[in-house]
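Heads up: the structure comes next, in C-alpha cells.
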Amino acid sequence: MTQQPRTRRSQEERTAETREALIDAAIATIHEQGYTAASTTLIAERAGVSRGAILHQFGTRAALMSEVVAEVYRREMAIYTRLVTQEQQGQNIYDWPRILMEVLGMPSGIAVLEILLASQSDKDLTETVRNRQAEVEEAALATMRADLGGKAESALAVKRLMVWAVRGISIANRIIPGGIDTAAPIGLLSELLKLAAPGGQVDELEELIARGKE
1 MTQQPRTRRS QEERTAETRE ALIDAAIATI HEQGYTAAST TLIAERAGVS RGAILHQFGT
61 RAALMSEVVA EVYRREMAIY TRLVTQEQQG QNIYDWPRIL MEVLGMPSGI AVLEILLASQ
121 SDKDLTETVR NRQAEVEEAA LATMRADLGG KAESALAVKR LMVWAVRGIS IANRIIPGGI
181 DTAAPIGLLS ELLKLAAPGG QVDELEELIA RGKE
C-alpha cells in the first residue's frame with residue numbers, strides 16, 4: 001500500500017503548538033510546585049522545548065503568566081458555554097457556585113489563583129496580570145448579565161461574591177491538611193442565593209445589595 005505523504009505543519013501551526021505546550025506546562029508546574037518554583041527552565045523542560053522558546057514566544061516570564069490567565073479564561077468560558085447551551089445548566093444564579101467550584105477548582109484555575117496572588121508582590125507581574133484580569137472580569141460580567149440580568153454594579157457584586165468565595169475555598173482545600181469538604185460551603189452558598197433569589201435572576205438581589213451598602 002502506498003503511504004500518504006505527511007502533511008508538513010506550517011510555521012503558524014508550529015508556533016501555536018509551542019505556545020499551547022508552554023501554557024499547559026506552566027499550568028501544570030504552578031499547580032504542582034507553586035508559582036515561585038515555576039521557573040522558566042522547569043516550564044520549558046516540561047513543555048519539551050528550549051528556554052529560549054519562552055523568550056521567543058512571550059518575551060518575559062510575566063508575559064507568559066499573563067497569557068496563562070487569558071488562555072485559562074478562554075478555556076473556562078468554553079466549558080461554561082457547553083454547560084449552559086448543551087447541558088442546560090446554569091439557568092439560575094444559585095446554580096453557579098457549584099459550577100464555579102467544578103471549573104475553578106481544576107489545576108488551571110488553581111494556577112491562575114497562584115498567579116493572581118503572586119502579582120501582589122511580584123512587580124513584573126503586577127501591571128500585566130492585573131490588566132489582563134480586569135479584561136477577563138469585564139468580559140465575564142457582560143456574559144453573566146446577558147444570561148442572568150441585573151444592573152452592572154449588582155451583577156459585579158454577585159459575581160465577585162461567588163468567584164472569590166470559590167477561590168477562597170479552593171485555597172483552604174489546598175493548605176488544610178487532608179483537604180476540606182468543599183461541597184458543604186458551596187452548597188450552603190447556593191441555598192442562600194436560592195432563598196434570596198428564588199427566580200434565579202440577579203435583579204432579585206438588588207434590594208439586598210443596596211441594603212448591604214448602608
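Note that UniProt numbering has the sequence shown beginning at 1, numbered continuously upward. Cβ coordinates follow ideal geometry from the N, Cα and C atoms, glycine included.
Boundaries (first-last residue) of the alpha helix (DSSP H) holding residue i
i, result
"K123", "K123 to L148"
"E204", "That residue, E204, is in no alpha helix (DSSP H); it is neither H nor E in DSSP."
"K194", "A183 to A196"
"Y94", "Unbroken run through Y94: none, as it is neither H nor E."
"I154", "Per the sequence shown, the amino acid found at residue 154 is Ser instead of Ile. Start and end: A152 to I175."
"G109", "P107 to A118"
"Q57", "R51 to Q57"
"T41", "T40 to A47"
"I23", "Q11 to Q33"
"T85", "R61 to T85"
For residue j and residue i, believed in contact at Cβ under 8 Å, the rounded distance
i, j, result
"T101", "T29", "It is worth fixing the name first, because residue 101 is Met in this sequence and not Thr. No, M101 and T29 are not in contact; Cβ-Cβ is about 23 Å, not under 8 Å."
"Y73", "V136", "5 Å"
Residues near residue i by beta carbon distance below 7 Å, same chain, minus five either side
i, result
"L55", "none"
"E114", "I30, G34 and Y35"
"G212", "none"
"Q133", "V69 and L116"
"E71", "I23"
Neighbourhood of residue i by C-beta, 6 Å cutoff - its chain only, sequence neighbours within 5 removed
i, result
"M144", "A155 and K159"
"L193", "I93 and Y94"
"residue 219", "Residue coverage of the chain in this structure runs from 1 to 214, which leaves residue 219 outside it and unanswerable."
Chain-order list of residues whose beta-carbon lies under 8 Å from that of residue i (same chain, five-residue window excluded)
i, result
"A62", "D122, D124, L125, T128 and V129"
"G179", "N173"
Sub-8 Å separation of residue i and residue j beta-carbons
i, j, result
"V68", "A21", "no"
"A210", "E204", "no"
"L104", "V166", "yes"
"G109", "S170", "yes"
"A37", "L64", "no"
"R19", "Q57", "yes"
"L148", "Q201", "yes"
"R51", "T41", "yes"
"K151", "E206", "yes"
Proximity test, Cβ basis, 8 Å: residue i and chain D
i, result
"E71", "Judged by its chain identifiers, the structure shown contains no chain D, having just a single protein chain."
Under 8 Å: do the region 81-99 and the region 41-55 share three or more Cβ pairs, one atom per stretch? no
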